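Student:
Numbering (the working numbering), first residue to last: 138 to 276.
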């Protein structure tokens, strides 16, 4: 069960927060192995024909990018990210990956959500997920 008590004794429902994350970042999250081929081809199409740069990164890819601290905009980095994101799925389930991403992702200076308090309660989540995932990605 992914419900946890925060420092004030309130319970945060992580399943609800994960739903918000998936809706905002990766709506095909449960249907791809770490890289979303549909999103990749859409991004290539928009770039080639309309010169628009659209994102195609999955939650797994975004987690890999943050853990490796590699933000270089190259094809080599993107291919490595896709490989590592797919490899990550061998060691962690989708829920664990989403929780790890929520625990370390940067949401910018302004976050407008109805349940903003729940987002900040995520910080209380155990760091063991991050240590395990970070060591896997450094292999």
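Cβ coordinates follow ideal geometry from the N, Cα and C atoms, glycine included.
In this text the structure is predicted, and so the values were computed from the model without any measurement.
1. Return the CA-CA distance between residue 180 and residue 192, expressed in angstroms with no decimal places.
2. So residue 196 and residue 172 are supposed to be a Cβ contact under 8 Å. How far apart are they, rounded?
3. First and last residue of the alpha helix (DSSP H) that includes residue 224?
4. Can you check whether the C-beta of residue 179 is within less than 8 Å of a C-beta belonging to chain C?
5. Within a Cβ cutoff of 8 Å, which residues of the same chain sit near residue 202, ignoring the five residues on either side of it in sequence?
6. Determine the extent of the alpha helix (DSSP H) in which residue 202 is found, giving its start and end residues.
7. Any idea if residue 182 is buried or exposed, counting beta-carbon neighbours within 10 angstroms, 16 or more meaning buried?
8. Between which two residues does the alpha helix (DSSP H) holding residue 193 run?
Tutor: If we stick to the structure as given:
1. CA-to-CA, the gap between residue 180 and residue 192 works out to about 6 Å.
2. Contact flag wrong, Cβ pair sits at about 11 Å.
3. Note, residue 224: alpha helix (DSSP H), 212-225.
4. The structure shown contains no chain C; it is built from a single protein chain.
5. 194, 208 and 218
6. 196-205
7. Classification of residue 182: exposed, given that the 10 Å Cβ count is below 16.
8. Taken as a continuous stretch (DSSP letters only), residue 193 belongs to no alpha helix (DSSP H), as it is neither H nor E.
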